[in-house]
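Engineer:
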Ligand SMILES: Cc1cc2nc3c(=O)[nH]c(=O)nc-3n(C[C@H](O)[C@H](O)[C@H](O)COP(=O)(O)OP(=O)(O)OC[C@H]3O[C@@H](n4cnc5c(N)ncnc54)[C@H](O)[C@@H]3O)c2cc1C
Ligand code: FES
Ligand code: FES
């Protein structure tokens with residue numbers, strides 16, 4: 010099938026882009042097009058106009074500092090995945106991006122576009138939610154910073170109003186003595202996951218677990234973040250943490266998997282990512298202590 | 032809606048090309064219908080099968096998920112542009128022929144473009160890198176074994192070509 014007709018704008022500056030978006034409430038932003046163009050090709054979307062941001066100057070930033078990684082609206086998945094600096098400050102970016110579609114899709118798709126698309130089975134929204142990141146949103150009326158827990162309102166429903174453009178996203182750095190891990194199960198490598206989990210585990214100098222948190226994709230309408238510190242206890246009882254999670258998830262069934270199977274996967278993935286994250290934290294501690 | 036045509040200029044296989052087309056013209060359709068380059072194939076039109084893969088400024092992308100207007104001003108390489116100017120097939124093309132990396136050939140243009148970029152970035156890929164590299168391309172015929180062999184053979188041929196060129200210039 011072919012996309013329906015639309016008016017096309019290719020602004021060169023952010024101001025110009027925001028003006029066009031303000032003038033037409035049913036216009037849509039076109040970034041990498043890896044989610045939007047399939048929807049257009051299948052005629053599941055028919056926006057009046059597309060505002061192609063690919064030529065807007067200044068949106069391709071990828072700024073890595075000690076406190077976190079700022080990813081501009083035109084930073085493609087592949088570029089963020091390859092950045093060793095970004096991976097060192099917030100390893101979950103790389104760990105999750107490897108599971109986003111295929112390498113060729115990642116050459117075009119953008120990190121911010123993936124957040125703005127807000128697919129409940131997508132990896133990056135879960136990562137942003139877990140690390141407590143934010144999205145910087147601009148419109149002709151001004152700018153605002155939206156926290157991840159407020160940004161994902163429902164399936165494919167980000168906190169973006171007509172006229173809004175997500176300018177960048179900020180992924181805070183992984184704190185010291187903390188490890189991170191990501192795992193998912195999909196039918197075929199590169200497909201959207203049936204279920205997935207990201208986790209961070211922090212240890213103190215006596216190797217007690219001071220924080221264990223996980224975020225899930227594919228099992229709820231929006232990324233589900235659970236604090237498992239209490240359930241795992243200071244010794245890191247990952248089986249207990251998994252059992253705790255099983256009682257809290259209410260996944261839905263679809264043609265790809267039954268609700269029970271998704272719940273089962275959630276338990277398995279929980280133990281897997283918590284164990285891997287704890288191992289990462291231990292490595293971090295040993296490195297810091299030079300032994 | 033009366034569609035406003037756009038003048039689109041881009042470089043395809045090293046040649047400056049222009050076309051007039053509506054904004055909704057996919058790059059895959061511009062190549063095939065407006066420019067007559069039917070080597071780029073179209074299967075699913077939603078990014079899944081990979082047979083429409085072309086190189087955009089050297090990087091493999093789905094031409095069915097890119098509007099031609101977005102590609103304006105950029106450099107596109109299609110399967111027609113992989114061989115040398117005198118028609119000598121590229122190492123990747125030779126390897127696919129040698130190793131029977133195709134049967135019906137429908138998926139082949141996408142594989143050739145994907146693998147060309149893969150080997151440019153990773154001249155000596157591991158088994159895992161080969162599998163990951165071609166994981167976004169579907170083939171209904173071969174069962175993939177000969178495609179994987181072709182990729183490995185292409186890496187050897189490219190290395191041999193490189194060595195030969197090095198000698199030639201030394
Ligand atoms: C075969 C295939 C497999 C895939 N598998 C996965 C997968 O496993 N996991 C996954 O997460 N994704 C997957 N994707 C989707 C891919 O990650 C997309 O790149 C991503 O979801 C959207 O990014 P984009 O830049 O392509 O956005 P676009 O497609 O351009 O836009 C998507 C939506 O977000 C809006 N938008 C984009 N950027 C902005 C912005 N800056 N401000 C406001 N609104 C904006 C658009 O208006 C549109 O509604 C897959 C895609 C394909 C084709
Ligand atoms: S036709 Fe483009 S990926 Fe299938
Ligand atoms: S050779 Fe027929 S689809 Fe691959």
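Residue numbers (our numbering), protein chains in the order written: chain A, 10 to 300; chain B, 32 to 201. Cβ coordinates follow ideal geometry from the N, Cα and C atoms, glycine included.
Flag residue 39/A as yes when its Cβ comes closer than 6 Å to any non-hydrogen atom of ligand 1, and as no otherwise.
Structural biologist: For the purposes of this step, residue 39/A is identified with residue 30 of the first chain, where counting begins at 1. Yes.
Engineer: Would you say residue 182/B lies against chain A (beta-carbon separation less than 7 Å)?
Structural biologist: Position 151 of the second chain, counting from 1, holds the residue named residue 182/B. Answer no: the Cβ-Cβ gap between residue 182/B and chain A never drops below 7 Å.
Engineer: Does the beta carbon of residue 185/B sit closer than 7 Å to a beta carbon anywhere in chain A?
Structural biologist: Translated into positions along the second chain, residue 185/B becomes position 154. No, because no Cβ of chain A sits closer than 7 Å to the Cβ of residue 185/B.
Engineer: Nearest-angstrom Cα distance between residue 168/B and residue 71/A?
Structural biologist: On the second chain, position 137 is the one that residue 168/B refers to. On the first chain, position 62 is the one that residue 71/A refers to. So the two alpha carbons sit approximately 29 Å from each other.
Engineer: Are residue 64/A and residue 21/A closer than 7 Å when you measure CB to CB?
Structural biologist: Your numbering for residue 64/A matches position 55 in the first chain. Your numbering for residue 21/A matches position 12 in the first chain. Closer than 7 Å, so yes.
Engineer: Which residues mark the beginning and the end of the beta strand (DSSP E) in which residue 224/A is found?
Structural biologist: Within the first chain, the letter at position 215 stands for residue 224/A. Element bounds for residue 224/A: 218-226.
Engineer: Mapping DSSP to helix, strand and coil, what is residue 202/A?
Structural biologist: Residue mapping note: residue 202/A aligns to position 193 of the first chain, counting from 1. Three-state DSSP puts residue 202/A in coil, outside helix and strand.
Engineer: Closest to residue 154/A by C-alpha separation, out of 254/A, 128/A, 79/A, would be which residue?
Structural biologist: Residue mapping note: residue 154/A aligns to position 145 of the first chain, counting from 1. Ranking 254/A, 128/A, 79/A by Cα distance to residue 154/A puts 79/A first.
Engineer: Can you name, in chain order, every residue of its own chain whose Cβ lies under 7 Å from the Cβ of residue 160/B, other than the five neighbours on each side?
Structural biologist: The residue given as residue 160/B occupies position 129 in the second chain. Contacts found: 153.
Engineer: Output the residues surrounding ligand 2, defined as those with a CB atom closer than 6 Å to any ligand heavy atom, in chain order.
Structural biologist: Counting every residue whose Cβ lies closer than 6 Å to a heavy atom of ligand 2, we get 73/B, 74/B, 75/B, 76/B, 78/B, 79/B, 80/B, 81/B, 82/B, 83/B, 93/B, 95/B.
Engineer: Here's the rule: buried if 16 or more other CB atoms are within 10 angstroms of the residue's CB, otherwise exposed. What is residue 11/A?
Structural biologist: Against the first chain, residue 11/A aligns to sequence position 2. Label assigned to residue 11/A: exposed.
Engineer: Just to confirm, does residue 90/A get its C-beta within under 6 Å of one of the non-hydrogen atoms of ligand 1?
Structural biologist: Taking the first chain and counting its residues from 1, the one referred to as residue 90/A is at position 81. Answer for residue 90/A: no, Cβ out of range of ligand 1.
Engineer: What is the C-beta distance between residue 177/B and residue 131/B, in whole angstroms, given that I count them as a contact (C-beta under 8 Å)?
Structural biologist: As a first step, residue 177/B is located in the second chain; it is residue number 146 there, counting from the start. As a first step, residue 131/B is located in the second chain; it is residue number 100 there, counting from the start. Right, the Cβ-Cβ distance comes to about 5 Å (below 8 Å), so this counts as a contact.
Engineer: Using DSSP with H/G/I as helix, E/B as strand and the rest coil, what is residue 62/A?
Structural biologist: To locate residue 62/A, count along the first chain from 1; it is residue 53. Three-state result, residue 62/A: helix.
Engineer: Residue 264/A: buried (16+ other C-beta within 10 angstroms of its C-beta) or exposed?
Structural biologist: Residue numbering aside, residue 264/A sits at position 255 when the first chain is read from its first letter. That one is exposed.
Engineer: Please name the residue in 91/B, 43/B, 95/B whose C-alpha comes closest to that of residue 56/B.
Structural biologist: Along the second chain, read from residue 1 onward, the residue named residue 56/B stands at position 25. Residue 56/B has its Cα closest to that of 95/B, out of 91/B, 43/B, 95/B.
Engineer: Taking only beta carbons into account, state which residues of the region 115-127 of chain A come closer than 8 Å to chain B, listed in chain order.
Structural biologist: Here the close residues are 116, 117.
Engineer: Mind the definition here: the region 234-244 of chain A touches the region 33-48 of chain B only if three or more C-beta pairs lie below 8 Å; say whether that holds.
Structural biologist: They do not touch, by the three-pair rule.
Engineer: Return the CA-CA distance between residue 87/B and residue 139/A, expressed in angstroms with no decimal places.
Structural biologist: On the second chain, residue 87/B is found 56 positions in, with the first residue counted as 1. On the first chain, residue 139/A is found 130 positions in, with the first residue counted as 1. The straight-line gap from Cα to Cα measures roughly 34 Å.
Engineer: Tell me, please, whether the region 98-105 of chain A touches the region 162-177 of chain A by the rule of three or more beta-carbon pairs shorter than 8 Å.
Structural biologist: With the cut-off at 8 Å, the region 98-105 of chain A and the region 162-177 of chain A do not touch.
Engineer: Give me whichever residues DSSP pairs with residue 167/A in a beta bridge.
Structural biologist: Residue 167/A sits at position 158 when you count from the first residue of the first chain. According to DSSP, residue 167/A bridges with 161/A.
Engineer: So does residue 132/A have its beta carbon nearer than 6 Å to some heavy atom of ligand 1?
Structural biologist: As a position in the first chain, residue 132/A is number 123, starting the count at 1. For ligand 1, at least one heavy atom lies less than 6 Å from the Cβ of residue 132/A.
Engineer: Determine, using beta carbons only, whether residue 185/A comes closer than 7 Å to chain B.
Structural biologist: As a working mapping, residue 185/A is identified with position 176 in the first chain. Chain B, which has no Cβ nearer than 7 Å to the Cβ of residue 185/A, makes this no.
Engineer: Please report the straight-line C-alpha distance between residue 201/B and residue 117/B, rounded to a whole angstrom.
Structural biologist: Within the second chain, residue 201/B is the residue found at index 170, counting from 1. Within the second chain, residue 117/B is the residue found at index 86, counting from 1. At residue 201/B, the pLDDT of 43 sits below 50, so the modelled position is not reliable; the number obtained from the coordinates is stated separately. The straight-line gap from Cα to Cα measures roughly 24 Å.
Engineer: Any beta carbon from chain A within less than 7 Å of residue 91/B's own beta carbon?
Structural biologist: The residue labelled residue 91/B in the question sits at position 60 within the second chain. At least one chain A Cβ lies under 7 Å of residue 91/B.
Engineer: Is there a C-beta anywhere in chain B that falls below 7 Å from the one on residue 301/A?
Structural biologist: In this structure chain A extends from 10 to 300, so residue 301/A is not present and cannot be described.
Engineer: Check each residue of the region 63-87 of chain B: if its Cβ is closer than 7 Å to any Cβ of chain A, include it; give the result in chain order.
Structural biologist: If the cut-off is 7 Å between Cβ atoms, the region 63-87 of chain B has 76, 77, 78, 81, 84 near chain A.
Engineer: Nearest CA to the CA of residue 69/A: which residue from 76/A, 60/A, 84/A, 59/A?
Structural biologist: Stepping through the first chain from its first residue, residue 69/A is reached at position 60. Considering only alpha carbons, the answer is 84/A.
Engineer: Do the region 111-120 of chain A and the region 207-216 of chain A touch if we need at least three Cβ pairs shorter than 8 Å?
Structural biologist: Contact between the region 111-120 of chain A and the region 207-216 of chain A is absent, because fewer than three Cβ pairs lie under 8 Å.
Engineer: Using a Cβ-based criterion (distance less than 6 Å to any ligand heavy atom), does residue 123/A qualify as near ligand 1?
Structural biologist: Residue numbering aside, residue 123/A sits at position 114 when the first chain is read from its first letter. Yes - ligand 1 has a heavy atom lying nearer than 6 Å to the Cβ of residue 123/A.
Engineer: Could you confirm whether any beta carbon from chain A is found closer than 7 Å to the beta carbon of residue 55/B?
Structural biologist: Residue mapping note: residue 55/B aligns to position 24 of the second chain, counting from 1. It does; some Cβ of chain A falls within 7 Å.
Engineer: Using the beta-carbon count (16 or more within 10 Å), is residue 255/A buried or exposed?
Structural biologist: Working through the first chain from its first residue, we reach residue 255/A at position 246. It is exposed - the Cβ of residue 255/A has fewer than 16 other Cβ atoms within 10 Å.
Engineer: DSSP three-state call for residue 153/B: helix, strand or coil?
Structural biologist: Looking up residue 153/B in the second chain gives position 122. It is coil, neither helix nor strand.
Engineer: Comparing the CB of residue 74/A with every heavy atom of ligand 3, is any distance shorter than 6 Å?
Structural biologist: Taking the first residue of the first chain as position 1, residue 74/A is located at position 65. False, no ligand heavy atom lies under 6 Å from that Cβ.
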